[in-house]
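Numbering (the UniProt record's numbering), first residue to last: 1 to 484.
Printed below as a string of structure tokens:
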């Protein structure tokens with residue numbers, strides 16, 4: 001039990017009143033009208049008491065084994081009389097400091113159990129818990145100490161942050177936006193662009209409702225930030241949704257983010273610094289893990305960095321930094337390192353360079369393969385892809401996709417065939433061998449992408465393997481390969 005919870009309980013129980021009520025740390029419907037993380041009593045009879053308690057910014061919860069729990073019945077004598085003063089030294093609450101929260105499901109009532117189940121069904125993560133964590137929750141600053149003392153130039157380029165979403169859980173989307181606003185210097189953040197890929201959830205059916213909610217929420221946060229919402233009238237997919245955001249962006253640098261993330265302190269400056277030094281450098285942050293169940297924030301230490309790669313099934317993979325790359329950066333854990341590919345959900349790129357190299361291939365459908373396609377293009381067409389350990393962004397990794405895909409079409413395979421036909425040259429056959437086809441069809445018209453490659457005078461895929469990803473195993477270079 002938390003020290004401050006003990007003080008609060010004793011203060012309330014010191015006033016005689018026979019009535020006992022059940023209290024839960026829930027978010028009220030008009031969440032933007034109250035301080036984030038404040039205590040909310042369900043019964044409207046205690047509205048005046050809420051005002052007194054919220055003045056001290058309390059969150060009530062039970063703590064067991066250093067983890068937060070929801071589902072405990074809390075019975076306290078309440079009063080409408082004068083509330084005694086209680087000292088508050090630190091902010092406490094569910095999920096604060098990125099701590100994991102465990103839910104005692106057996107203690108939930110039937111309505112809560114239904115909400116809990118539907119949250120997992122619709123989102124593939126614990127939306128029930130997310131709805132009860134502050135949109136402005138605190139996160140520990142666990143960067144390498146050297147990162148904290150780097151002085152960046154004052155003339156870093158400004159940024160347009162583009163967040164794409166489709167039927168995202170509302171609290172998770174808003175927490176993503178809040179983390180961007182809270183942890184990005186105002187002089188660098190030119191705008192946030194929310195690209196809605198035709199969401200049909202109740203919160204997004206009316207664009208005016210979305211605008212109203214976000215405007216209220218941003219005002220509550222006292223931030224002067226342009227939040228621009230662009231909405232597709234039909235499902236277009238990740239690539240086309242991001243391109244819709246790109247077309248209205250005005251910042252010198254574009255940062256593409258998923259809609260279930262949390263930015264940490266100092267996340268943007270390291271990426272902008274690298275781009276300001278070389279406009280052809282594309283930078284990804286270190287991607288920390290936000291647990292899909294407990295929402296615990298698992299920080300990736302500087303000594304445990306991973307680079308992006310792929311296999312011949314065109315699946316993105318993580319691998320340890322090779323010795324030659326560690327040697328190139330003098331084994332300094334806080335320095336940026338080169339990565340052959342990126343996961344694709346979170347990265348920063350100069351708007352001018354993004355335009356120059358042909359933005360995204362809009363012939364790619366829904367999701368899948370776009371990260372490898374743009375990774376190959378960056379390297380083969382004169383750019384550099386890096387990860388900077390001084391920038392950290394948390395991401396909820398789902399175990400399944402909750403979204404509807406096109407029926408009778410394997411969009412990932414179609415996208416992979418398309419990128420192979422444009423970028424892999426003779427090495428494309430290794431992918432076709434893996435998926436068991438000889439002559440690929442139905443990957444769309446690639447004439448414009450072939451012409452783009454010629455226009456940019458891009459190098460061969462063989463060059464990429466030898467110079468960027470020499471660790472990659474190539475089947476044709478083996479004496480024999482196949483199933484044993």
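We put the CB at the ideal spot given by N, CA and C, even for glycine.
Source: prediction; values computed, not measured.
Where residue 351 is concerned, the enclosing alpha helix (DSSP H) starts and stops at 351–356.
Note on residue 128: 16 or more other CB atoms within 10 angstroms of its CB, so buried under the neighbour-count rule. Linking residue 240 to residue 289 through their CA atoms gives a straight-line distance of about 26 Å. Counting along the chain, the unbroken alpha helix (DSSP H) around residue 118 starts and ends at 110–123.
Within the DSSP bridge table, the entry for residue 195 names 164 and 230 as partners. Under the three-state reduction of DSSP output, residue 157 falls in the coil class, being neither helix nor strand.
For residue 317, the pairing in a beta bridge is given by DSSP as 309. By the criterion of at least three beta-carbon pairs nearer than 8 Å, the region 124–142 is in contact with the region 256–268. A residue is called buried when at least 16 other Cβ atoms come within 10 angstroms of its Cβ; residue 151 does not meet this threshold and is exposed. When DSSP states are grouped into helix, strand and coil, residue 395 belongs to the strand group. Considering only 97, 260, 365 and 100, the residue with the shortest C-alpha distance to residue 162 is 260. Using a C-beta cut-off of 8 Å, the region 361–380 makes contact with the region 302–314, since at least three inter-stretch Cβ pairs fall below that distance. Annotation for residue 332: no beta strand (DSSP E) segment contains it, and DSSP assigns it neither H nor E. Residue pairing by DSSP places residue 239 in no beta bridge whatsoever.
Taking the Cα positions, residue 273 is about 45 Å away from residue 437.
For residue 189 and residue 158, the gap between their C-alpha atoms comes out near 6 Å. Cβ neighbours of residue 464 within its own chain (closer than 6 Å, five residues either side excluded): 379 and 380. Taking a contact to require three or more Cβ pairs closer than 8 Å, the region 447–456 and the region 422–434 qualify as touching. In terms of Cα proximity to residue 389, the closest of 382, 176, 164 and 321 is 321. If you look at residue 376, you'll find it in the alpha helix (DSSP H) that goes 370–380. Between the C-alpha atoms of residue 349 and residue 99 there is a straight-line separation of about 32 Å. The DSSP-derived three-state label of residue 302 is helix. Residue nearest to residue 357 within the set 281, 346, 444 and 196 is 281 (criterion: CA-CA distance). Taking a C-beta distance under 9 Å as the contact criterion, residue 257 and residue 228 do not qualify as a contact pair. Check the Cα spacing between residue 104 and each of 294, 255 and 276: the tightest is with 294.
For residue 447, the enclosing alpha helix (DSSP H) covers residues 447–455. Residue 337 has 387 as its beta-bridge partners, per DSSP. Following the DSSP letters along the chain, one finds residue 467 in no beta strand (DSSP E) but inside the alpha helix (DSSP H) bounded by residues 461–467.
Between the alpha carbons of residue 183 and residue 287 lies a distance of about 16 Å. Closest in C-alpha terms to residue 318, from the list 279, 387 and 296, comes 387. In the structure shown, residue 435 falls within a helical segment according to DSSP collapsed to helix, strand and coil.
The residue from 462, 353 and 112 with its alpha-carbon nearest to that of residue 426 is 462. In chain order, 158, 159, 160 and 190 place their CB closer than 6 Å to the CB of residue 251, counting only its own chain and leaving out the 5 sequence neighbours on each side. Per DSSP, residue 263 is one residue of the beta strand (DSSP E) stretching across 261–263. Close CB contacts of residue 199 within its chain, under the 6 Å cut and outside five residues either way in sequence, are with 166 and 167 (chain order).
Under the DSSP assignment, residue 147 falls in the alpha helix (DSSP H) whose first and last residues are 145–148.
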